[in-house]
Structures are given as structure tokens and as C-alpha cells.
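Quick note on the numbering used here: the sequence shown kicks off at 25 and runs consecutively.
Structure record follows, encoded as C-alpha cells.
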Amino acid sequence: MLFFLTFYSSKNPEKSIAVSKKNKYLSAHLLIILKINQHIRMISEDHVTLYTGVMMLEIQLCITEINYILKDIKIETIILYCNNILQDYSLMNLLTLSRSLRQEEDLQPSEAHMEPQSCIQSMEDELAAKNMAMEELSRELEEIRAAFGAEGVQQLQDFEEALTQRDEIITQLTSNLQQARTEKEEVMREFLELTEQSQKLQIQFQQLQAGEILRSSNISSTAADLLQARQQITLYQQQLDERDAQVRGHQEKTQEQLLLITQLQESLSEAVRVSSL
């Protein structure tokens, strides 16, 4: 969305500058400076030479103050400041014009006494010109306020809503990450317990195998003892297979939890990166 600033030029009375919406502070700055220059040029050439130096010094001081004021994010502040500056410069122009007329009266008393009505008419014309300029600038400021007032508030509300949503997402991701870490610790603890039990069963199985070898080597061992030993070995082997299956199941669950934790960490990192932009 673009808006236009219209200013006065002695060579080209009507010029327009298209300025992006995000540069509205720079636009207001240009508007103030151009309007001040417009007021200077509207004064009669006979009077400009009397106060040009003082006026330019005041303009430079005013620009410095404008640069400080423009740091405010509210467009209403800029608009109010524009009105105050124009009122001050209108009053200063009238006072300067009055002083210049009194100086002319001192230099040419006879001519001033001969044409008092023309001086009064000139001052009235200058005052009317200033009033017209004030009305024109007021209309332009109202257009700026209408164009950016509601829209700026809406943009601020959207930005605050986006920040709130970002904070909620970060909070949710942090909670999920903490829960995943807790589950990972529980799975690892169960995995260690099953590993320890598997090692114990393996030792018992080895002991049974050694006993079976000893019994088989003994000629006095009976077939009943051998069958019983084999049954015990088969039973321990089944238990060992069950434990191994449980260990593998917990290993798979651990891998899934680790993958989930990695995904949550990536999501949290992406959310933090987007919020920092």
C-alpha cells in the first residue's frame, strides 16, 4: 500500500513522492520539512531576505527535534507534532512579516503613510494564505490518520497474537520434551533391570550345562536325572528366550523415544529461530 506526499516547488508546483507504508516516519519527516519550505516560499520575495537566515536556523533546530520525536511508534504523536509545528511557523511568519513591514515603514515613512490600506490588505492576504495552507495540511494529516490509524492498531494486535501463539508453542514443546526425557529415563531403567536379569539367567544356564556335562560323564547317572536336567535346561532356555524378547522390545521402545526426543528438539529449535527473527 502506498500513499503520496504533495509539496510545493517553484519550478513544478505539484510533485508527488510515493513512499512505502513501512517508511511512514520518514514520510512524516519529509512532509514536515516540505511544508516548512512551502511556507517560506509563499512569503513575498521582498520579505524573505529579512528573515531567511533566522528561519533556516530555526528549521535546522526543528529538524533535530523532529528526529527525536519520530522515534515514537505512534502515528498520532507525529500528526499532533505536525500541527504544532505548522501553527508555530504560521505565527512566526506573521510576526516576521509584521516586523518587516514596520522596518519598511521606518525606511519609507512617507510611502507607508500614503498607503496604509495596502499594507493591511497585504497582511490579510498573507494570513489567508497561511490559513489555506493550514487547512490543506490538516486534510493531508487526516488522510494519513485514516490510512494508518486503524490499520496500525490491527497490525499491532496481530503481532501480539502471533507472539502469544509462539509462546504457547514453545511452552508445549518444552513440556513434551520434558515428558519424553522422563519416559526415556524409565525405559532405560527397565532396560538395565532386564539386562541384569538376563545375565543372571545366562549364568544359571551355564551352571546347568556344566552340571549336565558332569552328570553325563558320570557312569552312575541315571536316565531320569538326565531327563530332568534336560527339562530344566529347556525351561531355563525358554525363560532366557522370553527375557531376550523383552529386552528387544524395550530396545525398540528406547529407539522410538530417542527419535521422538530428537524431533521435539528440532521443533523447539525451529520455534526459537523463528521467534528470534
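Where is the CB? At the ideal position from N, CA and C, for every residue including glycine.
No experiment lies behind these values; they were computed from the predicted model shown.
May I ask you to report which of helix, strand or coil DSSP gives residue i?
{"i": "residue 219", "result": "helix"}
{"i": "residue 188", "result": "helix"}
{"i": "residue 198", "result": "helix"}
{"i": "residue 278", "result": "helix"}
{"i": "residue 246", "result": "coil"}
{"i": "residue 284", "result": "helix"}
{"i": "residue 153", "result": "helix"}
{"i": "residue 50", "result": "Because the pLDDT at residue 50 is just 46, under 50, the model does not fix this residue reliably, and the value given afterwards should be weighed accordingly. Of the three classes helix, strand and coil, the one that applies to residue 50 here is helix, per DSSP."}
{"i": "residue 224", "result": "helix"}
{"i": "residue 205", "result": "helix"}
**Prompt:** How about the region 221-229 and the region 257-275: do they share at least three Cβ pairs that are nearer than 8 Å?
**Reply:** yes
**Message:** Any contact between the region 284-297 and the region 183-199? By contact I mean 3 or more CB pairs, one from each, below 8 Å.
**Reply:** yes
**Request:** For the region 195-214 and the region 280-287, state whether three or more C-beta atom pairs, one from each stretch, are separated by less than 8 Å.
**Result:** yes
**Request:** Check whether the region 267-275 touches the region 210-222, taking contact to mean three or more Cβ pairs, one atom from each stretch, closer than 8 Å.
**Result:** yes
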